[in-house]
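**Q** Take the sequence shown: its position 39, counted from the start at 1, is 59 in the numbering used here, and no numbers get skipped.
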Amino acid sequence: MAVESFNTPSVTDLVPRQSSRRSHLLFVALQKEIVLGVLPPDQALTELDLAQRFRCSQGTVREALMQLNEEGLVIRLPNRGTHVAPCHADDARALLSVRRGVECDHLDRVVARADDRLRVALRDLLNAMRNAARDGDEYLLSVHDRAFHARLFDAAELPLVAPILTRCLIHNHRFKILNSRPNRALEETAERHVPILAALDSRDVVRLRSVLAHHIATIVDFGPDLTGGPAS
21 MAVESFNTPS
31 VTDLVPRQSS
41 RRSHLLFVAL
51 QKEIVLGVLP
61 PDQALTELDL
71 AQRFRCSQGT
81 VREALMQLNE
91 EGLVIRLPNR
101 GTHVAPCHAD
111 DARALLSVRR
121 GVECDHLDRV
131 VARADDRLRV
141 ALRDLLNAMR
151 NAARDGDEYL
161 LSVHDRAFHA
171 RLFDAAELPL
181 VAPILTRCLI
191 HNHRFKILNS
201 RPNRALEETA
211 ERHVPILAAL
221 DSRDVVRLRS
231 VLAHHIATIV
241 DFGPDLTGGP
251 AS
């Protein structure tokens, strides 16, 4: 499998690019396999094996693995190699708690800055989620879902905080996918964003905070609230 053919452009173009085209393609391909569990937690990864598999240089692999390490999806340790990061419930609870604080504590800023351009962008992302769900593409649905929440938070204009949310989102989705098998409720996942849009349209900060907190807390059906706090 050549490096240019890892993923369709519709996916690779959606994931923010921070490196050369070749390493970005590999980064997206490996991110997808880790999020979907094709590469399971704790699996060892070697630059040579990946370079042979994807028919690219070890330098390209190294750059992609460095990006995955920054996302926390792999762990690279001197003299111990690279392994896919674990995916434990305790980490998931902590990240969900952080995410809820980031997204819900600044909604007054979001509502104050919300305009038609934001609403159109969010509706476009919702429709993209619906299309991915109907196609049965769980990873593409995840990409659009994460973009929806990141775009909503962008309105708060807190750029130093945004990378924290980005990291929480990727790990939240990975945990959900790996622990919701068999996961066939893809269309339901997309429709869960409708109440968020409705609350934003009403410019009701209290309602939006309640709806969004419930949305985050119930991302995985392990009970009413994985974070231990009020779900609604």
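Just so it is clear, CB atoms sit at the ideal spot from N, CA and C, and this is done for glycine as well.
Please read all numbers here as calculations on a predicted model, not as lab measurements.
Does the region 136–154 come within contact of the region 97–111, defined as at least 3 CB pairs closer than 8 Å?
**A** With the cut-off at 8 Å, the region 136–154 and the region 97–111 do not touch.
**Q** In this structure, how does DSSP classify H213 when only helix, strand and coil are distinguished?
**A** Coil at H213, not helix or strand.
**Q** For R31, which residues of its own chain have a beta-carbon under 7 Å away from its beta-carbon, when the five flanking residues on both sides are left out?
**A** Inspection of the sequence shows that residue 31 is occupied by Val rather than by Arg. Correct list, in chain order: V48, L160 and V163.
**Q** Should S40 go down as buried or exposed, given a rule of 16 or more other Cβ atoms within 10 Å for buried?
**A** Classification of S40: exposed, given that the 10 Å Cβ count is below 16.
**Q** Which residues does DSSP pair with V94 in a beta bridge?
**A** Bridge partners of V94: V104.
**Q** Kindly provide the ranges of any beta strand (DSSP E) runs that are 3 or more residues long and lie completely inside the region 142–205, ordered along the chain.
**A** Segments of the beta strand (DSSP E) lying fully in the region 142–205: there are none.
**Q** Residue range of the alpha helix (DSSP H) that D128 falls in?
**A** Per DSSP, D128 belongs to the alpha helix (DSSP H) from L127 to R133.
**Q** Among the residues of its own chain, which have a CB less than 6 Å from the CB of A219, if the five just before and after it don't count?
**A** For A219, where only same-chain residues beyond five positions count, the Cβ hits under 6 Å are R227, L228 and V231.
**Q** Assign L65 to one of three DSSP states: helix, strand, or coil.
**A** Three-state DSSP puts L65 in a strand.
**Q** Beta carbon of V225, beta carbon of D128: below 7 Å?
**A** A contact, by the Cβ cut-off of 7 Å.
**Q** Take the Cβ of I239 as the centre, count every other Cβ of all protein chains shown within 10 Å, and call the residue buried at 16 or more, exposed below.
**A** It is buried - the Cβ of I239 has at least 16 other Cβ atoms within 10 Å.
**Q** When the Cα of G57 is compared with those of H234, E211, H126 and K196, which residue comes out closest?
**A** That would be K196, whose Cα lies nearest to the Cα of G57.
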